[in-house]
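Participant: Residues in the sequence shown are numbered from 216 upward in steps of one, following the numbering used here.
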Amino acid sequence: MMLTSFKGPTISGGLTNRKREWNKINKSTSSHSLLNQTEFCKFRKELGCADGVRNCHLSAVHRNSLLSPLVAHRNSRFPVFRNQLRSDFGVEDVEERLASNEEEDTALLNSTENVNAREVTGTSVDVKRELIMLSLPAIAGQAIDPLAQLMETAYIGRLSSVALASAGVSVSVFNIISKLFNMPLLSVATSFVAEDISKNAVENLLAGERANGKPLDSIAERKQLSSVSTALVLAVLIGIFEALVLSLGSGLFLNFMGVPSTSDMHAPAQQFLSLRALGAPAVVVSLALQGIFRGFKDTKTPVFCLGVGNLLAIFFFPLFMYGFGMGVTGAALSTVLSQYIVAFLMIRYLNKRVVLMPPKMGALQFDTYIKSGGFLIGRTLAVLITMTLGTSMAARQGSLSMAAHQICMQVWLAVSLLTDALAASGQALIASSLSKGELKTVKEITNFVLKIGFVTGVSLAAILGVSFGSLATLFTQDTEVLGIVKTGILFVSASQPINALAFIFDGLHYGISDFPYAACSMMLVGAMSSAFLLFAPTVLGLRGIWLGMTLFMGLRMTAGFVRILSKTGPWWFLHRDFERAEFSVCS
């Protein structure tokens, strides 16, 4: 019987050989994983410090994900010894198993070393490539909607200066109400969906390891993500609320904007605003969907949907405004129709990827969204109050000044928001990397996106400085309005580098979930800028308004620099030398 092979010196020698072989494999495995374990222990030590815990936003689940995969592998590669002492398992079998395990472990160690070597040399390049590949479609997506608004402004401007001014005031009111909730929902959805996806991927990886590499039937093609369902439910509710507020309070809002019922702009502006209110649900849903797709690191699908919808809007503008003789009303209906087309297309594509609604309402993350979104609502309110105050002060200058201000602001925002695509891409990458504990990657993304943002801003400033005078003629042929517009060339062009960095910092704050600072700093910046806007226009006219807007963006940029330069805030790891830490461990 096989059992006789375990008697006397045979089993003693076999066990001695096995122990020797086992120690040899353990030694090789331990020497390889020393670097990763040492780095993790160092990071865990920092997390144990008061400052580390206070300034780090990683949850316990994400911290555990920093453990080397070799830890789990070693547990599975070296089962309990007594499980192999069966009646049909001899010393020869033990030695064969040990030899096989040693060969497999050696191959694993070599492959892992190659992977780590590639990570050290290729991480920076891969991060930059991924950021650029995400940003290019996002830039197109950010440009499509403002370009459609510019086309709308151009068509309305050819009707009359009164029509252009009334539409400008109405659009400003619409943006105040819609963006108050839309932008927080967009930003929070991007970060939460990216974190949810990373968490889901880690759970699937751990489940795969527990299944010894076998495919799991439980991992479905369509994901069930509560962050997605929560964003969609909130978007629908907020959209309906905004539509009711804009429809019922249109007259009140126009009076607040400095357009009383006796003004020649009041009637067309109220009609335009009431019609645009019908598209509020579609706008909120489409913005939430853009945030969800960004969380998936997919910026191509929103570009396609936005492209189709806005191309149709450009086709609808002349058809409804001139073909059907509807004027400003036709412009509003064209925009609303295109907004619903965009929302429908995005929902259709998202439904192929995730289950839109959860199995039960209790799975929704309303508390998390409301807590983080509450900070951003305060931040957005500060932005909108400042922007609205500038528009209101321009409206008090008269219809010609308001028309010129509308042209300058449309170009200023349309061009500035191109850099917001970089911010959105950086936000998604930072949220995803941070949830996995990849602080070095977050540092690389931060440095790279700031450099690219500044270069983009300088390039836009040069282009606009040369072409803005000719570009303004696309919006109106009124010589008086064009004369006023030319005084804003410096404002529109020279402020672009400042705008670019301000938008980039917003994305960085959101990516690391630094929502409280983003809100509090913006409230302070908005208060200072609003105080300037209240008095400067009385002395400098439109130039005072544009100078106040430049001050507003400059203070936003400064607040961003102050935050990332702080060694005690959530960006503490930017001031740690990861390369030196790795070198000291290796030596």
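For each residue, glycine too, the CB sits at the ideal point set by N, CA and C.
All of these numbers come straight from a predicted model, not from anything done at the bench.
When you compare only the Cα positions, how much space is there between residue 565 and residue 503?
Facilitator: For the purposes of this step, residue 565 is taken as residue 350 along the sequence shown, with counting starting at 1. For the purposes of this step, residue 503 is taken as residue 288 along the sequence shown, with counting starting at 1. Going from the Cα of residue 565 to the Cα of residue 503 covers about 12 Å.
Participant: Along the alpha helix (DSSP H) that carries residue 661, what are the first and last residues, could you check?
Facilitator: Along the sequence shown, read from residue 1 onward, the residue named residue 661 stands at position 446. Taken as a continuous stretch (DSSP letters only), the alpha helix (DSSP H) holding residue 661 covers 654-686.
Participant: Tell me the rounded alpha-carbon separation between residue 535 and residue 554.
Facilitator: Taking the sequence shown and counting its residues from 1, the one referred to as residue 535 is at position 320. Taking the sequence shown and counting its residues from 1, the one referred to as residue 554 is at position 339. The straight-line gap from Cα to Cα measures roughly 16 Å.
Participant: Smallest Cα separation from residue 351: which of 515, 392, 489 and 381?
Facilitator: For this step, residue 351 is matched to residue 136 along the sequence shown. Residue 351 has its Cα closest to that of 515, out of 515, 392, 489 and 381.
Participant: Using 8 Å as the threshold, is the C-beta distance between residue 890 and residue 406 below it?
Facilitator: With the chain running from 216 to 802 in the structure shown, residue 890 is simply not present.
Participant: Please tell me whether residue 719 and residue 593 are closer than 8 Å, where the distance is taken between their beta carbons.
Facilitator: Translated into the one-based positions of the sequence shown, residue 719 becomes position 504. Translated into the one-based positions of the sequence shown, residue 593 becomes position 378. Not a contact, by the Cβ cut-off of 8 Å.
Participant: Ordered along the chain, which non-local residues of its own chain (more than five positions away) have a Cβ less than 7 Å from that of residue 496?
Facilitator: Reading the sequence shown from its first residue, position 281 is the one you call residue 496. So the list reads 451, 454, 455 and 458, once near-sequence residues are dropped.
Participant: Among the candidates 597, 551 and 788, whose CA atom is the shortest distance from the CA of residue 653?
Facilitator: Along the sequence shown, read from residue 1 onward, the residue named residue 653 stands at position 438. Minimum Cα distance to residue 653 is reached at 788.
Participant: Examine the Cβ distances between the stretch 735-755 and the stretch 699-716 and report whether three or more of them are shorter than 8 Å.
Facilitator: They do not touch, by the three-pair rule.
Participant: List in chain order: all unbroken alpha helix (DSSP H) runs of 4+ residues lying wholly within the stretch 593-633.
Facilitator: You should have 614-631.
Participant: Residue 517 and residue 508 - do their beta-carbons sit closer together than 8 Å?
Facilitator: What you label residue 508 is simply residue 293 of the sequence shown in a count that begins at 1. What you label residue 517 is simply residue 302 of the sequence shown in a count that begins at 1. Taking 8 Å as the Cβ cut-off, residue 508 and residue 517 qualify as a contacting pair.
Participant: Check whether the Cβ of residue 724 lies closer than 8 Å to any Cβ atom in chain D.
Facilitator: Looking for chain D here will not work: only one protein chain is present.
Participant: Are three or more beta carbon pairs between the stretch 580-590 and the stretch 518-533 nearer than 8 Å?
Facilitator: No: fewer than three Cβ pairs fall under 8 Å.
Participant: Are residue 679 and residue 630 closer than 8 Å when you measure CB to CB?
Facilitator: In the sequence shown, the residue the question calls residue 679 occupies position 464. In the sequence shown, the residue the question calls residue 630 occupies position 415. Their beta carbons are under 8 Å apart, which means residue 679 touches residue 630 by this criterion.
Participant: Would you call the stretch 383-403 in contact with the stretch 481-496, where contact means no fewer than 3 C-beta pairs closer than 8 Å?
Facilitator: Yes: the two stretches touch, three or more of their Cβ pairs being nearer than 8 Å.
Participant: If you draw a straight line from the alpha carbon of residue 356 to that of residue 521, how long is it in whole angstroms?
Facilitator: For the purposes of this step, residue 356 is taken as the residue at position 141 of the sequence shown. For the purposes of this step, residue 521 is taken as the residue at position 306 of the sequence shown. The straight-line gap from Cα to Cα measures roughly 7 Å.
Participant: Going by DSSP, what residue range makes up the alpha helix (DSSP H) through residue 699?
Facilitator: Numbered from its first residue, the sequence shown carries residue 699 at position 484. Counting along the chain, the alpha helix (DSSP H) containing residue 699 begins and ends at 694-700.
Participant: Compare the beta carbon distance of residue 570 and residue 439 with 8 Å and say whether it is the shorter of the two.
Facilitator: If you number the sequence shown from 1, residue 570 lands on position 355. If you number the sequence shown from 1, residue 439 lands on position 224. Their beta carbons are under 8 Å apart, which means residue 570 touches residue 439 by this criterion.
Participant: Which partner residues of residue 443 appear in the DSSP bridge assignment?
Facilitator: In the sequence shown, the residue the question calls residue 443 occupies position 228. According to DSSP, residue 443 bridges with nothing at all.
Participant: Quick one: residues in its chain with C-beta nearer than 6 Å to the C-beta of residue 721, no 5 flanking neighbours on either side, listed in chain order?
Facilitator: For the purposes of this step, residue 721 is taken as the residue at position 506 of the sequence shown. Hits under 6 Å: 638.
Participant: Hey, quick one: how far does the alpha helix (DSSP H) through residue 779 stretch, first residue to last?
Facilitator: Taking the first residue of the sequence shown as 1, we reach residue 779 at position 564. 757-779 is the extent of the alpha helix (DSSP H) around residue 779.
Participant: If you reduce the DSSP assignment to three classes, tell me which class residue 474 lands in.
Facilitator: As a working note, residue 474 is residue 259 in the sequence shown. Coil.
Participant: Sort 770, 633 and 619 by Cα distance to residue 699 and report the nearest one.
Facilitator: Sequence index remark: in the sequence shown, residue 699 carries index 484 (1-based). Comparing Cα-Cα distances from residue 699 to each of 770, 633 and 619, the minimum goes to 619.
Participant: Just tell me which of 767, 408, 366 and 728 has its CA closest to the CA of residue 742.
Facilitator: Position 527 of the sequence shown holds residue 742. If we check each option's Cα against that of residue 742, 767 comes out closest.
Participant: Just to check my reading of the structure: residue 645 and residue 723 have Cβ atoms closer than 8 Å, yes? What is that Cβ distance to the nearest angstrom?
Facilitator: Against the sequence shown, residue 645 aligns to sequence position 430. Against the sequence shown, residue 723 aligns to sequence position 508. That belief holds up - the Cβ atoms of residue 645 and residue 723 are roughly 7 Å apart, short of 8 Å.
Participant: Please classify residue 265: is it buried, with 16 or more other beta-carbons within 10 angstroms of its beta-carbon, or exposed?
Facilitator: On the sequence shown, position 50 is the one that residue 265 refers to. Confidence at residue 265 is low in this model, with a pLDDT of 41, below 50, so the placement of that residue is unreliable and no value is reported for it.
Participant: Taking the continuous alpha helix (DSSP H) assigned at residue 721, which residues delimit it?
Facilitator: In the sequence shown, counting from the first residue as 1, residue 721 sits at position 506. Unbroken alpha helix (DSSP H) run through residue 721: 711-726.
Participant: May I ask which residues mark the beginning and end of the alpha helix (DSSP H) holding residue 516?
Facilitator: Here the question's residue 516 lines up with position 301 in the sequence shown. Per DSSP, residue 516 belongs to the alpha helix (DSSP H) from 515-533.
Participant: Can the beta-carbon of residue 551 be found less than 8 Å from the beta-carbon of residue 483?
Facilitator: On the sequence shown, residue 551 is found 336 positions in, with the first residue counted as 1. On the sequence shown, residue 483 is found 268 positions in, with the first residue counted as 1. No.
Participant: From the DSSP output, in three-state form, read off residue 570 for me.
Facilitator: Start at 1 with the first residue of the sequence shown, and residue 570 comes out as number 355. Looking at residue 570 - three-state DSSP - the assignment turns out to be coil, as it is neither helix nor strand.
Participant: Just grab the DSSP bridge partners of residue 438 for me.
Facilitator: Here residue 438 corresponds to residue number 223 of the sequence shown, with the count starting at 1. Paired residue(s): 569.
Participant: Can you give me the start and stop residues for the alpha helix (DSSP H) that residue 491 sits inside?
Facilitator: Reading the sequence shown from its first residue, position 276 is the one you call residue 491. Here the alpha helix (DSSP H) through residue 491 covers 481-491.
Participant: Quick one: using the 10 Å Cβ neighbour count with 16 as the cut-off for buried, is residue 500 buried or exposed?
Facilitator: In the sequence shown, residue 500 corresponds to position 285, counting from 1. Label assigned to residue 500: buried.
Participant: In its own chain, which residues sit with a C-beta less than 6 Å from the C-beta of residue 693, not counting the 5 before and 5 after it?
Facilitator: As a working mapping, residue 693 is identified with position 478 in the sequence shown. Around residue 693: 376.
Participant: Thinking just about the alpha-carbon of each residue, which of 772, 354, 475 and 589 is nearest to the one in residue 505?
Facilitator: Position 290 of the sequence shown, counted from the start, is the residue given in the question as residue 505. Of 772, 354, 475 and 589, the residue nearest in Cα terms is 354.
Participant: Among 708, 732 and 792, which one has its Cα closest to the Cα of residue 595?
Facilitator: Locating residue 595 in the sequence shown gives position 380, counting from the first residue. Out of 708, 732 and 792, 732 has the C-alpha closest to the C-alpha of residue 595.
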